[in-house]
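Q: Just so you know, we're using our numbering here: the sequence shown kicks off at 455 and counts up by one.
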Amino acid sequence: MKRALGAVALVGLSVAVVAPPFAGCGPACPPSERVIVEGKRVTTGAARFYETSGPEGPFLPFEGATLLRIRHGLGAAPQKVVVMLAFTEHPQSPGGGGYSFAAGNQAIVLRQDADEVAIKNDSCAKYWVRVTVEALVPDDAGADAPADTAVEDASVDAVDAD
């Protein structure tokens, strides 16, 4: 009888120790989705660049389980997407802590096409994010960019386009 009770107690203790890590195996943070139309575009010949903000910020809020659909408006699928994360909106300000490049599930690039880049925070941690996008459009591919440099506010184009 003592042996049976001891076995039951041991099984109960094992479940109590092992269960907590598995108790949170579902989505622990509510998912959200935002469309970003703000930012700055720069066109130099065939090269087109977009950034959500400059390195000084403000970075965009990037809560856990958030999908950001960034409307870059470059008119071509980007060859390069760079995602930078910080713990503050202005990471280069005094005491801001700086920023680093995203890795793993901090920011997963789900899609990059001629209209937008979709990035998901697949963790439950809150970050601030800056995204830069680069596309090359050959001059003979119908690029409407002038030979010199043009800088435009992406939010103006996004509002006018709709």
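Glycine residues also receive a C-beta, built at the ideal position from the N, C-alpha and C atoms.
Remember, predicted model here, so these are calculated numbers, not experimental data.
1. Given a threshold of 16 other Cβ atoms within 10 Å of its Cβ, counted over all protein chains shown, does residue 555 qualify as buried or as exposed?
2. Could you compute how far the alpha carbon of residue 544 sits from the alpha carbon of residue 553?
3. Anyone know if the C-beta pair for residue 591 and residue 530 falls short of 8 Å?
4. Would you call residue 476 buried or exposed, if buried means 16 or more other Cβ atoms sit within 10 Å of its Cβ?
5. Does the distance from the C-beta atom of residue 495 to that of residue 528 stay below 8 Å?
6. If you run the structure through DSSP and keep just helix, strand and coil, what is residue 607?
7. With DSSP as the reference, identify every bridge partner of residue 554, one or two as the case may be.
8. Please report how far the alpha carbon of residue 542 lies from the alpha carbon of residue 499, in whole angstroms.
9. Quick check: residue 526 and residue 571, are their CB atoms within less than 8 Å of each other?
10. Under a three-way DSSP split, which group does residue 566 fall into?
11. Could you compute how far the alpha carbon of residue 599 sits from the alpha carbon of residue 566?
12. So which of 550, 568, 536 has the shortest CA-CA distance to residue 557?
13. Using the DSSP secondary-structure output, state which residues sit across from residue 588 in a beta bridge.
14. Using C-beta distances below 6 Å, list every residue in its chain close to residue 523, excluding the 5 sequence neighbours before and after it, in chain order.
15. When you compare only the Cα positions, how much space is there between residue 474 and residue 519?
16. Quick one, which of 539, 551, 575, 560 has its alpha-carbon nearest residue 586's?
A: Reading from the atomic positions:
1. exposed
2. 9 Å
3. yes
4. Annotation note: pLDDT 48 at residue 476 (below 50); position unreliable, coordinate value reported separately. Classification of residue 476: exposed, given that the 10 Å Cβ count is below 16.
5. yes
6. In the three-state reduction of the DSSP assignment, residue 607 falls in the strand class, which pools E and B.
7. Its beta-bridge partners are 539.
8. 35 Å
9. Yes, they are a contact pair.
10. strand
11. Because residue 599 carries a pLDDT of 45, less than 50, the predicted location of this residue cannot be relied on, and no value is offered for it.
12. 536
13. 503, 534
14. 489, 570, 572
15. For residue 474, the predicted structure reports a pLDDT of 47, less than 50, and the residue's modelled location is therefore unreliable. The matter cannot be settled from this model.
16. 539
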